[in-house]
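A short write-up of the structure that comes next.
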Amino acid sequence: MEVPAVNQSYTHPPPQPWAVQSLRTPAMPPPSCPPPSYHYPNLNPDQQSVTSMNYTTGTSGGHRPQSLYWDPSQQSYQDVLNPVPEITNMTTQGMPQRSYSLPTSPVSNSKTESRYGLDPQLLPSVVQVIKEDRIQWEGKVFVSESKSSVPPLSSTRCTLEDRGNATARFIRCTSYSFPVEAQSAQKSHLPLGAIVCPLARPEKGEGCAHCGAFMSPAMSWQDCGQRFYCPFCDKHNEVPWQSYQPTNQGRRVDCEKKPELSLGSYEILEKQTCDENGPARPHLLEETNHSDLRVGLMTYDSQIHLYNLSPALSRPHMMVITDCEELELPVVEGLLAAASPGKLLIFHSSPVSEGTDQKSSSGFFSSNKVKSIFQGPDSSTSLAKECVSQGCNVHIFMFSQQEVGGAWPGHIPFHTGGGVICYNSLQSEMEQECFRADLSRCVNMQMAFKVQLRVFVSKEMRISGCYGSFIAGPDSCCVAMAALDWRTALAFEFSHNRSLDETRGIAIQFVLSYSSSSGENRTRVHTVILSASCQLLDTFRSSQAETLLTFYCKKSMETSLREELQTEVTEMLACFRKHSCTTSVSPGQLVLPQFLKAVPVYINSLRKSEVLLPGLRSSVHQRLQLRSLIVSMDTLCTASQFYPLILPLSVSADNANMPSLGEAVRCTVSSLDPGGLYLIYCPLALLLWIKLPVLENPLSISTRALICSLQSSAAVALQLKLVREGDSCEESLQRLLVEDKSPNGGASYADFLFHLHVNALRIIV
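The following block contains the structure:
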């Protein structure tokens with residue numbers, strides 16, 4: 001099974017001069033009408049001692065109904081027509097009123113209640129944001145063009161059509177309009193970055209002779225097509241006479257026939273290599289009569305045992321190597337010793353140790369330098385670099401509980417595109433089923449080997465940071481990886497060298513070179529062209545919360561900076577309020593950009609994660625394992641990891657319909673009815689809140705079908721955990737209720753949003 005071609009549903013005419021495979025996906029321009037408005041509570045910093053929240057809707061006594069006004073010129077929600085009612089602990093006598101009190105919690109009211117009297121149900125909701133986006137885009141077509149608008153959310157099922165800009169399946173930007181001036185970018189505190197998932201799908205091209213960038217719609221044509229301008233190096237190139245075509249209104253007449261001239265993403269097949277140098281092929285576990293998969297076996301304890309599997313032998317021969325320090329192969333024939341990329345699967349059943357100076361787990365927690373936990377030992381880094389150079393993708397399956405203070409074996413898999421999967425044992429049938437599913441997924445996963453990712457950006461910008469599951473090299477413009485799968489995403493951060501040209505915008509190009517499973521050398525190119533604006537308002541209203549979350553997640557888990565997250569978001573909201581709000585608002589009013597309503601709850605959930613805020617029962621190994629899985633996630637998985645999906649299930653045995661994703665509820669304990677049945681999912685957990693019997697009735701069948709569907713989309717095999725109200729294991733559920741106070745001490749969404757609002761006001765004042 002090969003890495004899928006980009007936009008397989010689209011077929012291009014046969015390629016001519018630049019032989020390229022096309023990749024298309026369909027789309028429509030966004031509607032002109034604004035999304036529905038929200039009623040946000042008054043966040044008055046002078047009233048912090050309240051114990052309840054009354055929301056008065058009468059028209060007398062100085063209070064008018066709360067109405068949130070949509071301002072098209074600002075693309076933001078503001079209560080500018082009527083004042084938002086104050087938070088108070090008393091009611092207005094003789095006046096019609098409506099009080100919103102916190103719903104009864106099945107676990108504990110203290111988890112949901114705000115110390116400042118805010119009703120969590122009135123705060124901006126991720127569930128509502130996702131629902132609105134689905135209403136607007138689901139089943140429709142979004143056209144990705146040069147300097148196009150903000151794309152639909154990653155959770156919305158729609159068609160993305162490539163018309164010169166790589167679609168959001170490959171690249172999502174933290175903003176689709178970069179500030180022209182560096183000072184404005186610093187003032188906004190919005191990171192200028194891109195999340196790239198290179199193998200989400202493919203295409204092909206040639207390019208600039210000066211900087212090496214590949215041909216793309218970002219190039220502009222001059223002199224009737226005899227020269228083209230490269231925005232990545234700010235230079236002009238002569239077009240070879242063999243490739244010359246005239247232009248019409250600045251476009252080559254053959255642009256629609258060549259994907260590299262009309263599409264933002266395309267792939268080039270460079271050459272076919274010989275079969276014996278191809279990496280391991282998939283479908284190892286499938287029953288076939290013949291397979292050209294090459295497999296090598298090795299076992300070890302205090303010694304290393306090699307097995308000669310040459311077909312010339314009547315039976316395999318075992319060779320024992322006692323000197324493990326200076327390892328030399330006794331023979332080469334019959335061993336998998338060729339310098340070819342592939343997968344290394346290690347099955348380990350004893351605790352891992354690494355030297356005698358290994359620190360204990362408690363020693364890590366007593367240190368203020370949290371970053372040291374995430375840094376592997378030099379020996380692991382050196383070996384990982386060797387694996388990267390060979391294209392060796394390492395996966396480890398652990399079958400024992402890790403001893404406290406033992407070494408974490410995941411540093412090498414993490415840096416080679418692999419991973420570590422741990423099992424308590426293989427005694428239970430459930431554990432065996434998970435192991436079989438994980439092994440099958442690992443072997444059959446579509447992979448690119450010996451990967452090199454080069455990044456080009458307009459001359460006015462530079463790459464200031466790169467974050468992901470790889471070993472950072474001296475050149476941030478080029479990243480080398482042993483292997484890459486279609487799920488893995490990386491983050492890149494950009495900074496200004498000089499002022500941008502508002503008419504040209506900014507071009508970003510990612511060029512991925514790799515070897516496929518069949519031994520083919522391929523190059524995949526993704527290019528996006530973004531707007532540049534002198535108005536900070538354009539930068540804010542073209543940002544997207546889930547993309548910012550993904551960027552901050554990769555950066556914070558790489559640099560271990562937790563408190564800086566709150567500071568950055570506070571400064572960002574203060575800047576928007578000060579420089580982008582043309583209408584005066586009272587200090588108690590909450591004002592958020594259109595597509596950033598979900599940023600506070602996302603960032604608060606990230607700050608409360610076990611990686612950045614360990615609980616009393618969190619071990620170093622658990623944190624490292626969790627970090628290795630989260631850092632490589634794409635935008636869709638990251639957003640669902642930090643705001644899980646909670647689906648209420650019908651308790652009627654006659655209901656045969658599978659629950660709709662649009663029926664999801666907010667991640668707070670107040671959303672859970674003690675008599676209800678709920679399925680909770682994120683990429684690393686699957687919980688059923690109450691007991692699920694296996695019965696032959698429509699409800700049981702449809703629920704189990706939904707569970708199988710969610711399990712199939714996860715990167716690892718997920719065990720379904722049953723959680724009853726009041727059980728000791730209910731803490732695993734509480735961690736997923738990200739709007740509530742977390743068991744490890746993290747603040748609730750309401751309290752965190754209050755602090756952001758108050759601190760933003762202090763900055764302005």
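Take 1 as the starting number for the sequence shown in UniProt numbering and just add one per residue. Using N, Cα and C, we set each Cβ at its ideal position, and we do this for glycine too.
- V388 and L123 have their C-alpha atoms spaced approximately 46 Å apart.
- The beta carbon of P316 lies closer than 7 Å to those of Y307, N308 and L309 in the same chain, with the five residues before and after it left out.
- Sequence-distant Cβ neighbours of A760 in its own chain, meaning closer than 7 Å and more than five residues away, are T570, L573, A574 and R577.
- Going by DSSP, Q222 is part of the beta strand (DSSP E) stretching over S220 to Q222.
- Residue environment for H411: buried (at least 16 other C-beta atoms within 10 angstroms of its C-beta).
- Going by C-alpha positions, L490 is about 42 Å away from M318.
- Rounded to whole angstroms, D740 and V611 show a C-alpha spacing of 18 Å.
- Within the same chain, Cβ atoms closer than 6 Å to the Cβ of D254 are found at Q245, the five residues on either side in sequence being excluded.
- A distance of 8 Å or more separates the beta carbons of S428 and S350.
- Secondary structure note for M398: its beta strand (DSSP E) is the uninterrupted segment C392 to M398.
- Annotation: P191 to F456 spans about 18 Å, alpha carbon to alpha carbon.
- As DSSP reads the structure, T247 sits in a beta bridge with R252.
- In this chain, E161 is not harboured by any alpha helix (DSSP H); it is covered by the beta strand (DSSP E) spanning T159 to R163.
- A direct Cα-Cα distance of roughly 6 Å separates E568 from H189.
- For D538, there is no enclosing beta strand (DSSP E); the residue is found in the alpha helix (DSSP H) stretching over L536 to R541.
- With the rule of 3 Cβ pairs closer than 8 Å, the stretch 505-520 does not count as touching the stretch 126-145.
- Every alpha helix (DSSP H) stretch that sits fully inside the UniProt domain "Sec23/Sec24 helical" (557-635) and reaches 4 residues is listed by chain position as 563-579, 599-607 and 620-631.
- Counting C-beta pairs with one atom in each stretch, the stretch 582-594 and the stretch 216-234 have fewer than three that are closer than 8 Å, which means they do not touch.
- Contact between M557 and R627 holds: CB atoms are separated by about 5 Å, below the 8 Å threshold.
- With the rule of 3 Cβ pairs closer than 8 Å, the stretch 640-648 counts as touching the stretch 676-683.
- Note that the C-beta distance between G193 and F470 is not below 8 Å.
- Shortest Cα-Cα distance from R735 to any of K147, S609, E431 and F435 involves S609.
- Judged by pairs of C-beta atoms under 8 Å, the stretch 663-676 does not touch the stretch 619-637, as fewer than three such pairs exist.
- In the three-state reduction of the DSSP assignment, G465 falls in the strand class.
- Per DSSP, I135 is one residue of the alpha helix (DSSP H) stretching across V126 to W137.
- The Cβ atoms of E267 and R454 do not sit closer than 8 Å to each other.
- Leaving aside the five residues that flank V150 on each side, the residues in its chain whose CB is nearer than 7 Å to its CB run, in chain order, Y176, S542, Q544 and F595.
- Boundaries of the alpha helix (DSSP H) around Y749: Y749 to I764.
- Rounded to whole angstroms, Y514 and D301 show a C-alpha spacing of 35 Å.
- Residue burial is scored here from C-beta neighbours: V295 has fewer than 16 other C-beta atoms within 10 angstroms and is therefore classed as exposed.
- Residue environment: E696 is assigned as exposed (fewer than 16 neighbouring CB atoms within 10 Å of its CB, all protein chains considered).
- Around R666, the same chain offers S125, V127 and E739 as residues with beta carbons nearer than 7 Å, after the five sequence neighbours per side are excluded.
- Taking every protein chain shown into account, the CB of P474 has fewer than 16 other CB atoms within 10 angstroms, so this residue is exposed.
- Here Q622 has E610 as same chain residues with Cβ atoms under 7 Å from its own Cβ, once five neighbours each way along the sequence are excluded.
- Here A598 is near V129, since their CB atoms are less than 8 Å apart.
- Put simply, the backbone Cα of Q535 is about 22 Å away from that of L590.
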